[in-house]
Amino acid sequence: MARHFLAAACLAFVGACAHGDSEGGAPRLSAADIAPTAGAGWKGSLVYRDYSPPQGEVTLAVEADIAVVPGGLSLTLRYPDEPGANSTDVLALSKDGARFGGDPVIDRRAEGGAIVATTRAPCRDDDRPATCEHLYRFGAREFAIEKRARFDGETAFIRRNAYRLTR
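My numbering numbers the first residue of the sequence shown as 106 and each following residue consecutively.
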């Protein structure tokens, strides 16, 4: 079960949704915003909501190497306790900076020496229609990705998974 979720969580990074160009004045990300995360030696955890009974949160150790590549960010993720789930994914950054991981950037701000960005798009979570937000924190010593889902017809977002890494 953990292996299947980890694969799905990694694929969620890619954000397979396709959308049109963003409107003028929308928040933008740049290669300079994500560049501080480049390098090896990231360590931390993945916490994810397990929808299978008894339901609850599962925490796994994770290590990462991150590289800024043409068109985005390459993440090599290793799970010491689940090596079969190790993966490499690319989070695409659109040329105009309006999209990251395939989704529109709806917020970008500097906070505590890091850049914090949020993307939002329609998605499916737990095989149900939803709206998904990804919150990214790009810093030289901290990197985080949190996925939140709000199921259609509901008002609150729930935390689906969160990567928190430091070096």
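A virtual CB, placed ideally from N, CA and C, is assigned to each residue, including glycine.
Since the model is a prediction, treat every value here as computed from it, not as a measurement.
Out of the options, which one is the CA nearest neighbour of residue i?
i           : options            : result
residue 193 : 182, 217, 199, 201 : 182
residue 200 : 137, 264, 267      : 137
residue 272 : 161, 152, 171, 162 : 171
residue 178 : 206, 219, 165, 164 : 206
residue 247 : 144, 158, 174, 133 : 144
residue 254 : 154, 160, 270      : 154
residue 258 : 252, 227, 243      : 227
residue 261 : 235, 176, 243, 187 : 235
residue 174 : 208, 133, 139, 147 : 139
residue 237 : 244, 256, 245      : 256
residue 146 : 212, 168, 204      : 168
residue 245 : 225, 209, 217      : 217
residue 208 : 214, 215, 196      : 196
residue 231 : 157, 215, 131      : 157
What residue range is occupied by the uninterrupted beta strand (DSSP E) comprising residue i?
i           : result
residue 230 : 219 to 230
residue 194 : 192 to 197
residue 273 : For residue 273 there is no data in the structure shown, the boundaries of the chain being 106 and 272.
residue 283 : In this structure the chain extends from 106 to 272, so residue 283 is not present and cannot be described.
residue 212 : 208 to 216
residue 253 : 247 to 256
If you check the beta carbons only, do residue i and residue j fall under 8 Å apart?
i           : j           : result
residue 222 : residue 249 : no
residue 165 : residue 151 : yes
residue 219 : residue 242 : yes
residue 176 : residue 133 : no
residue 148 : residue 240 : no
residue 229 : residue 211 : no
Which residues mark the beginning and the end of the alpha helix (DSSP H) in which residue i is found?
i           : result
residue 138 : 136 to 139
*Within the segment 138 to 189, note down every full beta strand (DSSP E) run reaching 3 residues or more, in order along the chain.*
Segments of the beta strand (DSSP E) lying fully in the segment 138 to 189: 144 to 155, 161 to 174, 177 to 183.
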